[in-house]
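Scroll down for the structure; my scribbles are underneath it.
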């Protein structure tokens with residue numbers, strides 16, 4: 001309990017230092033918990049691997065936050081603060097990646113349910129355009145029913161840009177989002193991003209050089225340099241941290257808005273902890289399991 005409040009106060013103090021306008025929550029009565037405090041509480045719970053709101057509010061009993069907000073109200077407000085949370089994440093990422101020139105792109109699948117229950121599952125299916133879909137995972141050689149998180153991180157390990165699609169969308173289509181958000185850099189991808197037209201378009205329009213390894217059956221095959229293979233391991237380690245510490249593969253949400261809010265809070269939590277490690281504690285930003293309090 002003490003660690004929860006201590007971590008919360010550190011994250012809240014950090015959020016207050018950013019030049020971001022936390023627009024007041026529009027309701028008749030003024031809430032006891034401000035928007036900034038609500039975001040800080042959500043980020044703290046994700047950092048401490050508390051992905052159950054029931055468990056979070058059990059831990060808040062006996063603290064100064066116990067009577068400031070109800071669990072259901074906190075759940076609704078966190079969804080409404082989605083855009084503001086993304087603004088916070090993007091601001092921190094721009095600070096950490098200000099001098100970065102090399103980035104890595106990859107995707108991670110997030111299962112909604114087992115394939116045997118896919119036909120009768122109602123999770124995240126309130127709207128057809130945002131519903132999950134079936135797809136095939138070549139690396140695991142199996143079919144799935146899930147979403148995909150497409151991510152671009154810097155060589156140092158900070159997420160610069162990410163997006164979520166249904167499972168049937170190919171990784172190459174994410175490059176259109178990258179073209180709109182980034183420019184003047186080098187991005188390293190895996191064999192799934194081999195697409196000469198898209199690579200040429202990225203270079204011509206926004207001066208992005210997309211480096212992907214050749215397939216073994218291609219003409220004039222050359223194995224990728226060691227530095228490329230070593231750099232790509234950074235995003236694999238990041239995905240492992242999301243799965244192990246932040247439990248991104250576990251889903252308790254029933255709606256798409258709740259699902260995407262949880263994903264954003266987990267990624268934002270990793271970003272703000274990396275910021276604290278670099279600016280306050282002067283530690284390796286990728287050692288995320290160390291307590292900040």
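In UniProt numbering, the protein residues as written are 1 to 293.
Ideal Cβ positions, reconstructed from N, Cα and C, are used throughout, including at glycine.
Exercise for review: Quick one: give me the first and last residue of the beta strand (DSSP E) that residue 110 is part of.
Suggested key: 102 to 111
Practice item. Let me know the secondary structure DSSP gives residue 1 once reduced to three states. Key: Low per-residue confidence applies at residue 1: pLDDT is 42, beneath 50, and the placement is therefore not dependable enough to give any value.
**Study point:** For residue 124, three-class secondary structure by DSSP
**Key:** Residue 124: coil per DSSP, three-state reduction.
Exercise for review: Starting from the Cα of residue 208, find the closest Cα among 193, 273, 19 and 178 and give me that residue.
Suggested key: 178
Review point. Mind checking whether residue 39 and residue 4 have CB atoms under 8 Å apart?
Key: no
Exercise for review: Taking residue 234 as the reference, give the member of 173, 118, 153 and 251 with the closest Cα.
Suggested key: 153
Practice item. Please state whether DSSP places residue 334 in a helix, a strand or coil. Key: Here the chain covers residues 1 to 293 and nothing more, so residue 334 does not appear.
Review point. By Cβ distance, which residues of its chain are closer than 8 Å to residue 79, with the 5 residues on each side in sequence left out?
Key: Closer than 8 Å at the Cβ level, and outside the excluded window around residue 79, lie 257, 258 and 261.
**Study point:** As assigned by DSSP and simplified to three states, the class of residue 96
**Key:** Helix at residue 96.
Review point. In or out: residue 37 buried (at least 16 other Cβ within 10 Å) or exposed?
Key: A residue is called buried when at least 16 other Cβ atoms come within 10 angstroms of its Cβ; residue 37 meets this threshold and is buried.
Review point. Can you tell me whether DSSP reads residue 62 as helix, strand or coil?
Key: coil
Point to revise | Run of the alpha helix (DSSP H) containing residue 226, from where it starts to where it stops | key: Segment 226 to 244, the alpha helix (DSSP H) holding residue 226.
Exercise for review: Please go through the same chain and pick out, in chain order, the residues whose beta-carbon is closer than 6 Å to the beta-carbon of residue 1, but skip the five residues on each side of it.
Suggested key: A caution first: residue 1 carries a pLDDT of 42, below 50, which makes its placement in the model too unreliable to give a value.
Check your understanding: Are the region 105 to 119 and the region 134 to 144 touching by the rule of at least three beta carbon pairs closer than 8 Å?
Key -> yes
Point to revise | Entirely enclosed beta strand (DSSP E) segments - the region 114 to 189, minimum 3 residues | key: 133 to 137, 142 to 154, 159 to 166 and 185 to 188
Review point. Quick one: does residue 282 have its CB under 8 Å from some CB of chain C?
Key: Protein chain content of the structure displayed is limited to a single chain, and chain C is not contained in it.
Exercise for review: Please state whether DSSP places residue 17 in a helix, a strand or coil.
Suggested key: Correct three-state label for residue 17: coil.
Practice item. Using only alpha-carbon positions, find the residue among 227, 75 and 158 that is nearest to residue 237. Key: Of the residues 227, 75 and 158, the one whose Cα lies closest to the Cα of residue 237 is 158.
Review point. Helix, strand or coil: how does DSSP classify residue 249 here?
Key: coil
Practice item. Could you pull the start and end residues of the beta strand (DSSP E) that residue 210 belongs to? Key: Segment 208 to 211, the beta strand (DSSP E) holding residue 210.
Exercise for review: Determine, using beta-carbon pairs with one atom in the region 46 to 55 and one in the region 239 to 251, whether at least three such pairs fall under 8 Å.
Suggested key: yes
Review point. Smallest Cα separation from residue 148: which of 29, 285, 239 and 126?
Key: 239
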